[in-house]
Amino acid sequence: MTKRLMPMLAALVLAILIAGPYVGLPAHLQSLLYVIFFWVSLATSWNLLSGYSGYFSFGHGAFFGLGMYGMATFATKLNLSFFPSVLLSGLVAAALALVIGALVFRLKSIRGESFALITLAVTFVLSTLIVNTPIDGGPGVYLMGVSTPAIGPTAASSFYYLGLGMAALCVFSAYVLFHSKMGLGLLAIHDDEDVAEVNGVPTFALKMAAFALSSFLAGMMGSIHALYVSYVTVSETFNINVPLTVVLMSILGGARHWAGPTLGAILITLLLNAFTDGSSALVGRVVIGLILTLSVLLMPNGIWGSLSARLRGKKVQIKGDPLSEQSHADPRGRDLLSERTAELAIKGVTPVGTKVVLEVKGLTKQFFAIKALGGIDLKLYEGEILGLLGPNGSGKSTFINVVTGHFSASSGEIQLLGRDVSHLSAHEIRKSGISRTYQIPRPFNGLTVLQNVVLSAQYGGSGASESQATEQALQWLEFTGLSDKAADLPDALNLHQRKFLELARALAARPQVLLLDEVLSGLTPSEIDLAVQTIRLIRQRGTSIVFVEHVMSAVMALSDRLVVLDQGVVIASGAPKEVMNDPHVVRAYLGDKVEGE
Amino acid sequence: MPSANLLFQALASGLFMGALYGLIGLGLGLGWGILKQINLSHFAWVFLSAYLTYELKTRFGIDPLLCLLILLPVFALLGVLLQAVLAKFSITPFNSLMATFGLTVSVEAFIQLVWSADFRRMNSHYDELKFRLFGVIVTYSEALTMLLSLVCCFAVWWVLYKTDIGKALRASAEDPDIARAFGINASKLSLALSGACAALACCAGVCVALTFTLAPSQIFAWIGVIFAVVMMGKLASAWAPLVAGLVIGVSESMTMALIAPTWAPLVSFTLLILILLMRRSHD
């Protein structure tokens, strides 16, 4: 409902704002509104990268300032007219963002505060360069001579409309992005970037695009603002004021929502304007500071975040007693499964094929001095369930991490259906048909259960449209018995459900090969039974499975073949019963007589 | 090419500047590394302390070092109170930045309300007394700043590495939950640490009052370079901020002497960018 309501409301507000100057909106209100539009534009554009993806930039002032000086340079020194200057200023800002992004977005060490700091440092480097070169040279640049296009009935309304145009453009971009596949990917990066990449999200490309768009808009706003203030200086442009204010506005409003920064910008600008003269302005600032502190403490997710959390809370309450719901869940799930297994029993179990789906040759992985994988050879046949065993630290998890591209292999080859995938990035490997689950479930905590699976269907598989992806995701939720949890956040799930969410998310990419990392650990015996049946069903659908597990009963029941790792090498492989009696395997688990204490 | 004497003088002023950077960064880095708070109000405390020192000296003629003794417990209490409030909320590092930013804005406005936006310079005999060291003129103010910075770093190092409290603090910094499971009273430690950080800020404030002209807006002017100092070193370390501060201070003063004062920020921030880019992640 809100999805339809919000755009209509926005269109109404826009219409009123456009009509304003023509129906006698006083000039001082027009300039107050310009200031609001200005901050709405800057805060919303900042939010496109930082709010959605969690990469908090403290360098928004750099892009805004580049826009200011872009206008100062293009319009006064190169004598370009207004609109080309605005556009070029935006492009220059976007170009800087792409250069920074290319340098930092591939580095795992630059996340969180490192990113904030590096963007802040860029701001100061830029300001030093500008003040020491002919772009400014020290005294600042006057823009009195540049003509602004006359828009609207009065002289003052030009900037009013330019500001309104920018604000509308920024909010519109934020809205579209928020509801797009790209927006979902950015939100997933916010929650867990590594998992997003493994789930098929091209994280680098998304961050670059969002950063460029964000800076482009900030640069354009800056270029318009340069004419508004008509005198540009380095100290007024590249200070800490712009980045901190936009961050604050977005946090106050709610950075995970497209409308959050708008809300924050309006509130803070009005607050700052409420106290304008002399000492009352200072008292006002004391009060504003305290209000900000309190609102951040009391509403850490911003006004919008708290609001939607409250709405969600109400919905859950209406659903009724969570306990009774839980007690229903299990038998229903089992009924569903027993129906399906009955169906399968008629068809009979398909035998393991002879076609090799996944072939790993001489795979090694070195972490500094430690050899985690020492040359592994392994074949997975079509429709096979291959149990991968080994004591703790034997390299099972590293194997999964390397095969899915989270770590790059030190040497060796990984072939999926004859195609070498060892040099692909994680999201490309996911797309080509290898999915995994995590031993400790890592859902995207800010997305609903349904969105978690939709994301995987959209990014992991073969480019499903949004409605197709949603439909598929709902099917996978039904398959894993999570249908009635679709609208919940992952926090509301228990361990068993979280593990099944992992499964649903992995399956939504329609993988050829599924790597299961201890899906059964921590589950109760009845939950294990359910999971074992589910895994059989997955195989039945044509997916080959590598199954890392410590629950031996399940391993023996499910596996067609076993491979045992110890200290990064394969020490045994073959039929389950033979392998378990292999003296090497017994020694790996229980130790030598001499070693054993 | 400037004379050798001028270069020495620049080196010396860079070292003193760096010592002050290190002293301010020390408290900020401790809170960041152990409490996981990016405490912007640290800068507010520094300047509040500087203004109070100015007031006590100018109005009552109290020696700045005596001021330090008077102010230390006041600021320690302030730090404890702040932590007592923040501990009531589970707060992410970024939200701590936001919350303390609000507080800093309030303190800045408060300072402006009391002392106005005019520049204030404290006159003290520490500025007039000078001595010569290897041909370089050093004021007592500068020497005192260096000394206080070294003493504070040593004290922090001693507490962190030579006492049980330090062991507990380092354990909490590494993994707060596990530390708690081993019987470390994290909330009490946090209160003490926050108090200590504010006390360090107070100490830095006295140094700022000794050597700088004060203005309320200066609070925000220091943020960039101090962040650089804190991030260049390891978080929650005793000596790293001082070393980083000295590197930045000297590189700035050398740039000022050899090229032009306006180029100074370029060196420190380029250095910071390079260090961040080259720092390896753990995989």
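Those protein sequences? They're chains V and B, same order as listed.
First residue of the first sequence: 9, per my numbering; consecutive thereafter.
First residue of the second sequence: 25, per my numbering; consecutive thereafter.
By construction, the Cβ of each residue, glycine as well, lies at the ideal position given by its N, Cα and C atoms.
Check: Neighbour-count burial assignment, alanine 27 of chain V, 16 or more Cβ in a 10 Å radius; Outcome: exposed
Check: Contacts around phenylalanine 132 of chain V, its chain only, beta-carbon distance under 8 Å, and the 5 residues preceding and following it disregarded; Outcome: Phe246
Check: Given alanine 123 of chain B as reference, the closest of V:Thr253, V:Val31 and V:Phe219 once Cα atoms are compared; Outcome: V:Thr253
Check: Contact set between serine 122 of chain V and chain B, taken where Cβ atoms lie within less than 9 Å; Outcome: Met255, Leu300 and Arg303
Check: Closer than 9 Å at the beta carbon, the chain V residues around proline 117 of chain B; Outcome: Gly120 and Glu121
Check: Valine 240 of chain V vs tyrosine 77 of chain V beta-carbon contact at 8 Å; Outcome: yes
Check: Three-way DSSP call (helix, strand, coil) for lysine 186 of chain B in this model; Outcome: helix
Check: C-alpha gap between asparagine 209 of chain B and phenylalanine 71 of chain B, whole angstroms; Outcome: 32 Å
Check: Spatial distance of glutamate 586 of chain V from phenylalanine 376 of chain V (CA atoms); Outcome: 36 Å
Check: Local conformation of glycine 526 of chain V per DSSP, three classes; Outcome: Here residue 526 of chain V is glutamate; the residue named in the question, glycine, does not match the sequence. Note: glutamate 526 of chain V maps to coil in three-state DSSP.
Check: Contact under 8 Å by Cβ, methionine 307 of chain V with serine 314 of chain V; Outcome: yes
Check: Coarse secondary structure for serine 148 of chain B, derived from DSSP in three states; Outcome: coil
Check: Proximity of leucine 44 of chain B and serine 140 of chain B at Cβ, strictly below 8 Å; Outcome: no
Check: Selected residue, minimal CA-CA separation from lysine 439 of chain V, among V:Ser231, V:Gly67 and V:Gly208; Outcome: V:Gly208
Check: Residue from B:Phe178, B:Ser241, B:Met278 and B:Met302 with nearest C-alpha to glycine 46 of chain B; Outcome: B:Phe178
Check: Three-state secondary structure assigned by DSSP to glycine 469 of chain V; Outcome: coil
Check: Bridge partner(s) assigned by DSSP for glutamine 480 of chain V; Outcome: Per DSSP, none; premise fails for glutamine 480 of chain V.
Check: Between the CA atoms of alanine 216 of chain B and arginine 103 of chain V - distance to the nearest angstrom; Outcome: It should be pointed out that residue 103 of chain V corresponds to alanine in this sequence rather than to arginine. Spanning the two alpha carbons is a distance of roughly 47 Å.
Check: Chain B contact for phenylalanine 64 of chain V (CB, 8 Å cutoff); Outcome: yes
Check: The region 183–209 of chain B: positions lying closer than 8 Å to chain V by Cβ; Outcome: none
Check: Members of the region 255–278 of chain V that neighbour chain B once the beta carbon cut-off is set at 9 Å; Outcome: Val255, Leu256, Ile259 and Leu260
Check: Where proline 15 of chain V sits in the DSSP three-state scheme; Outcome: helix
Check: Sheet register partners of phenylalanine 384 of chain V (DSSP bridge); Outcome: What sits at residue 384 of chain V in the sequence shown is isoleucine, not phenylalanine. Note: isoleucine 384 of chain V sits in a beta bridge opposite V:Leu371.
Check: Outcome for histidine 36 of chain V when other beta-carbon atoms lying within 10 angstroms are tallied against a minimum of 16; Outcome: exposed
Check: Boundaries (first-last residue) of the alpha helix (DSSP H) holding glutamine 136 of chain B; Outcome: 117–139
Check: Classification of threonine 116 of chain B by the beta-carbon crowding that lies within 10 angstroms, buried from 16 upward; Outcome: exposed
Check: As assigned by DSSP and simplified to three states, the class of isoleucine 87 of chain B; Outcome: A quick correction: the sequence has aspartate, not isoleucine, at residue 87 of chain B. Note: aspartate 87 of chain B maps to coil in three-state DSSP.
Check: 8 Å Cβ cutoff, glycine 73 of chain V in contact with chain B; Outcome: no
Check: Same chain only: Cβ atoms within 8 Å of proline 142 of chain V, ignoring 5 sequence neighbours per side; Outcome: none
Check: Closer than 8 Å to chain V by CB, alanine 123 of chain B; Outcome: yes
Check: Boundaries of the beta strand (DSSP E) in which threonine 163 of chain B is found, first to last residue; Outcome: 160–163
Check: Buried or exposed (CB count within 10 angstroms, at least 16 for buried), histidine 414 of chain V; Outcome: buried
Check: Nearest neighbour of asparagine 147 of chain B, chosen from B:Thr169, B:Ala260, B:Glu79 and B:Cys226 [CA to CA]; Outcome: B:Glu79
Check: Of the listed residues V:Ala220, V:Leu33, V:Ala19 and V:Gly171, nearest to glycine 67 of chain V (C-alpha basis); Outcome: V:Ala220
Check: Residues near lysine 373 of chain V by beta carbon distance below 7 Å, same chain, minus five either side; Outcome: Ala380, Leu381, Thr406, Val410, Phe415, Ala417 and Ser418
Check: C-beta atoms of valine 578 of chain V and aspartate 385 of chain V nearer than 8 Å; Outcome: yes
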